[in-house]
Amino acid sequence: MRLLLDQGLPRTTAAILTKAGIETVHVGDIGMATATDLDILEHARQRGETVVTLDSDFHAILALSGHSKPSVIRVRIEGLQAGEMADLLLRVVALTSEYLSSGAVVSVTHHRVRVRRLPLCSQ
């Protein structure tokens with residue numbers, strides 16, 4: 004499993020997750036801090052990464068595109084510190100890794116983890 008953290012997430016979360024065994028990079032650490040959502044999705048698709056974001060636009064872009072990759076985890080909980088975000092993502096990845104591997108969008112709230120397989124619509 005490889006994760007690509009979007010700009011709104013704590014940068015140090017990547018190091019915590021990598022140390023825990025999930026290869027993770029932050030867009031700010033690879034020169035993509037100002038990249039468009041489309042560019043981030045394409046980067047992740049080419050590298051087999053799952054995008055982790057606070058941004059709802061990624062799900063919308065995937066729905067319109069009809070693509071089955073990359074997978075996206077949308078965290079709908081704001082204000083988490085790096086350690087809290089890492090703990091949350093470790094749990095979410097453990098619960099959803101099979102879906103993420105085959106292409107899925109995952110939405111995470113305080114009380115629920117929702118998984119939808121990709122593609123979200125057909126073209």
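Numbering (this note's numbering), first residue to last: 4 to 126. From the three backbone atoms N, C-alpha and C, an ideal C-beta is built for every residue, glycine too.
Please list, in chain order, all residues of the same chain as residue i whose beta carbon is under 8 Å from its beta carbon, the five residues on each side excluded.
| i | result |
| --- | --- |
| LEU65 | LEU44, VAL75, VAL108, LEU121, PRO122 and LEU123 |
| LEU93 | LEU20, ALA23 and ILE25 |
| ILE80 | LEU91, VAL111, THR112 and HIS113 |
| ALA89 | THR16, ILE19, LEU20 and ALA23 |
Starting from the C-beta of residue i, find all residues in its chain whose C-beta is less than 6 Å away, skip the five residues before and the five after it, and write them out in chain order.
| i | result |
| --- | --- |
| ALA97 | none |
| ARG48 | LYS72 and PRO73 |
| HIS29 | LEU8, ARG14 and ALA17 |
| THR99 | VAL109 and VAL118 |
Tell me the rounded alpha-carbon separation between residue i and residue j.
| i | j | result |
| --- | --- | --- |
| VAL55 | THR112 | 14 Å |
| GLN10 | ASP40 | 10 Å |
| GLU52 | ILE33 | 14 Å |
| GLY18 | HIS114 | Note that residue 18 is Ala in the sequence shown here, rather than Gly. Approximately 26 Å, taken between the alpha carbons. |
| ARG117 | LEU67 | 19 Å |
| ARG119 | PRO13 | 25 Å |
| LEU69 | SER110 | Per the sequence presented here, residue 69 reads as Gly, with Leu not at that position. Approximately 18 Å between the Cα atoms of the pair. |
| THR37 | GLY31 | 8 Å |
| ALA85 | LEU57 | 14 Å |
| GLY50 | GLU87 | For clarity, residue 50 is Arg in the given sequence; the question names Gly instead. Roughly 26 Å separates the two Cα atoms. |
My guess is that residue i and residue j are in contact by the Cβ rule of under 8 Å, so how many angstroms apart are they, rounded?
| i | j | result |
| --- | --- | --- |
| THR21 | THR27 | 5 Å |
| HIS62 | LEU7 | Rounded, the Cβ-Cβ distance is 15 Å, inconsistent with contact. |
| LEU103 | MET4 | 7 Å |
| SER105 | ARG77 | About 18 Å; that fails the 8 Å criterion. |
Tell me whether residue i sits in a helix, a strand or coil according to DSSP, three-state version.
| i | result |
| --- | --- |
| GLN126 | In this prediction, GLN126 scores a pLDDT of 44, lower than 50, which makes its location untrustworthy; no coordinate-derived value is stated. |
| ILE76 | strand |
| SER150 | Lying before the first or after the last residue shown, residue 150 is absent from the chain, which here runs from 4 to 126. |
| THR53 | strand |
| HIS114 | coil |
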